[in-house]
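The structure under discussion appears below in the form of C-alpha cells.
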Amino acid sequence: MKDEYDFSQGKRGALAPAKGKTRITIMLDDAVIEAARNVAENEGFGYQTVINNTLRQVLLEDAGKPADDPALSGQFKQGITAADLKSLEKKLSAAVGEIRRVLEPDAKP
Numbered sequence: 004m005k006d007e008y009d010f011s012q013g014k015r016g017a018l019a020p021a022k023g024k025t026r027i028t029i030m031l032d033d034a035v036i037e038a039a040r041n042v043a044e045n046e047g048f049g050y051q052t053v054i055n056n057t058l059r060q061v062l063l064e065d066a067g068k069p070a071d072d073p074a075l076s077g078q079f080k081q082g083i084t085a086a087d088l089k090s091l092e093k094k095l096s097a098a099v100g101e102i103r104r105v106l107e108p109d110a111k112p
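Numbered according to the working numbering, the sequence shown terminates at residue 112, and the numbering increases by one at each position without gaps.
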C-alpha cells in the first residue's frame, strides 16, 4: 500500500454505471418485500434481483414476449444455466402467486 494517493483527477459519484439498469425509489408493500427476501434467501440472490426478475417475467409475459427472449439474455447474470433459469422461473412464478394471494386474499387462485 502506498503512503499517499493522488485523487486530483478523481470524480465523485458511482464507480461504474450499471448498463441497462436505472436506479429508482419505489414504495412496496411489506409483504412483497418479505416474500422477495424469502425467495432470495433460498435462491442465493439479492431480493432486489428477485423483484426485478419477477417483474421482468410477469411484464414480458403480459406483453406477449417470452421471458427467455434472446434479446434479453444479456441482462441475466453470467453463470446461470438454462436449467437454473427455468427452475428459478418456476419458483418465481410460485412466489408471484403467493404474493398475489397475500395481497388479494379474496382473489380466486
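Cβ atoms here follow ideal geometry from the backbone N, Cα and C, with glycine treated the same way.
Predicted, not measured: the structure shown is a model, and the values here were computed from it.
Query: How long is the line joining the alpha carbons of Gln-78 and Gln-12, rounded to whole angstroms?; Result: Here Gln-78 scores only 47 on pLDDT, less than 50, and its place in the model is too uncertain to base an answer on.
Query: On the CB-based measure, 16 or more other CB atoms within 10 Å of its CB, does Val-113 come out buried or exposed?; Result: This structure does not reach residue 113, given that the chain is present from 4 up to 112, and the question cannot be answered.
Query: Who are the near neighbours of Ala-39 in its chain, counting only those whose CB is closer than 7 Å to its CB and skipping five residues on each side?; Result: Tyr-50, Val-53, Ile-54
Query: Using 8 Å as the threshold, is the C-beta distance between Val-61 and Val-99 below it?; Result: yes
Query: Measuring CA to CA, which of Ala-86, Glu-107, Asn-56 is closest to Lys-24?; Result: Asn-56
Query: Drop a sphere of 10 angstroms on the beta-carbon of Leu-31, count the other beta-carbons inside from all chains shown, and report buried for 16 or more, exposed for fewer.; Result: exposed
Query: Would you kindly work out how many angstroms separate the C-alpha atoms of Ser-96 and Asn-45, rounded to a whole number?; Result: 15 Å
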